Amino acid sequence: MNKDDKNVEQIIEELTKEEMARMQKQAQKQWRKIPFPLSLHDALNRYTKADLDGIRKYLEIKNASKLKKAEIVHLLEKNIPDHLYPSVLLWDRERFNMLLKIAENNGKIMAPDLEMDEMEYLRHTGFIYTGTWEGNKVFALPNELYDPILALKHDLHVRATIKRNTKWIKLTRGLLYYYGVLDPVRLIQMVEKYMKEPIDVTMYFKVIADSTHYCPEITVDTDSFSHIDVLEPKEVKREQQLKESIPYYDFTEKQLLEAGAPGFVERNASYQQFVHFLTQNFDMDIEDADMIVEECTYTIKSGDSPNQVISYLSQMLEFDSEQLVKAVMDKVIHLMNNTRGWVLKGHTPDEAFGLEKKHLQPMPETKSNSKISGKTHSNPSQKVVKIGRNQPCPCGSGKKHKKCCGK
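In structure tokens:
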């Protein structure tokens, strides 16, 4: 290691320490003792002016950026109850049920294990507050919101809207999980197909945009929607356009709703076989093996070559024979041929290869459209993923790597 490398490592270590210290300070603030019963005034007073501004922006209360803290507290205390109903009309079942659960439990529940993005979102609504009560971390509601929230449980319009939003969000996540990238027009057409009815486009975009703040599985650009795992959406979209002879794979509604669950990974037979192989041939448990195969699947969906996948595996595994290397390569090839790729519009290479043969003019061959063979090439790329996307980000933010520095 040269001097420059040491300096870089030292800088990263110092930044990580600073970030960890900031997180600890933030946690102490979020989980300090909270009184019960809790009034909306007291709940808001616990926040800094910056926190209050976050609530104001979420509720879209304008012309208040220059107000002092006491003035913002008074403004929010007056406005939050009125914003409950329209805000909930953008939510899905998960968030709505959490709100009901707190109200039905006399205004507090044991704090669930949430991602940092989810926690920050809930705090910015102005409806849910965090703190420690009798030594336990809790989510709490102000007294003024109990009855209005409980009334929503029996509101037929709210319940129908929550059900619709939940399906919109899951279908959208599922479509983007398999296709990677979609332009807004095509996305709307596909969602309408599975909803079996026209959708209110403006409301749909509001619901999806709001959901990305709570659970950022979707990235919204000016001309496309993409899955959070897609690092280069424009490149994926370009390669999709080159494959005119390949239609978008026709998924069932059930497949898309399942894929719409946060953190979903399709663990097909080839995936499970690879996991089993790793546990049998290397000193690791199922959890570690699954993490490795998940990373392999991600690189495959991104369009990486067999050599790039093997390059990643060489960082994670210790090979003690050529025979073992060949066996791993066989599993990689099998996984690649049965993994649905973004540039293949949701098809596997096996399926795309079959579609290509049906046309007189073969489609342009790229690194992703041909059936993968077991041959490797010299001078393999050294592109290596050393940090799992679902592992904590090394910067110390507390977020998953893919939702932080891995974007």
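Start counting the sequence shown at 944; every next residue gets the next number (the numbering used here).
No residue lacks a Cβ here, since even glycine has one placed at the ideal position from N, Cα and C.
These numbers come from a predicted model, not from an experiment.
Check                                                                                                                       : Outcome
Whole-angstrom C-beta distance between G1123 and S1354, which should lie under 8 Å                                          : No statement about residue 1354 is possible, as the shown extent of the chain runs from 944 to 1350 and does not include it.
C-beta contact flag for G1069 and H1026 at 9 Å                                                                              : yes
Inter-residue Cα distance where the pair is E1037 and K1136                                                                 : 24 Å
Beta-carbon contacts of V1218 that lie in its chain and below 6 Å, excluding the five residues immediately before and after : A1232, D1233, V1236
Residue burial classification, P978 (beta-carbon count within 10 angstroms, cutoff 16)                                      : exposed
Beta-carbon gap between T1104 and L1032 smaller than 9 Å                                                                    : yes
M1062 burial status per 10 Å Cβ neighbour count (16 or more: buried)                                                        : buried
K972 - DSSP class collapsed to helix/strand/coil                                                                            : helix
First and last residue of the uninterrupted beta strand (DSSP E) at I1131                                                   : Taken as a continuous stretch (DSSP letters only), I1131 belongs to no beta strand (DSSP E), being part of the alpha helix (DSSP H) at 1127–1138.
V1144 - DSSP class collapsed to helix/strand/coil                                                                           : helix
7 Å Cβ shell around K1180 - same chain, five flanking residues per side excluded                                            : V1124, S1167
Distance, I1142 Cα to A1046 Cα                                                                                              : 32 Å
For Y1089 and G1117, believed in contact at Cβ under 8 Å, the rounded distance                                              : No, G1117 and Y1089 are not in contact; Cβ-Cβ is about 36 Å, not under 8 Å.
Delimiting residues of the beta strand (DSSP E) encompassing Y1028                                                          : No beta strand (DSSP E) contains Y1028, which is instead part of the alpha helix (DSSP H) from 1012–1031.
Cross-strand partners of K1080 (DSSP beta bridge)                                                                           : T1075
8 Å contact criterion, which L1130 and T1115 should meet: CB distance rounded                                               : 7 Å
Per-residue burial, E1308 [other beta carbons within 10 Å of its own, 16 or more giving buried]                             : Note that E1308 scores a pLDDT of 47, beneath 50, so its modelled location is shaky; the value from the coordinates is reported in the next line. Exposed, since its Cβ has fewer than 16 Cβ neighbours within 10 Å.
Reference I1189; option with closest CA among G1284, K972, A1270, I1151                                                     : G1284
Pick from D1193, T1073, P1249, D1273 that is closest to V1134, judged by C-alpha positions                                  : D1193
Helix, strand or coil at H1170 according to DSSP, with G and I counted as helix                                             : strand
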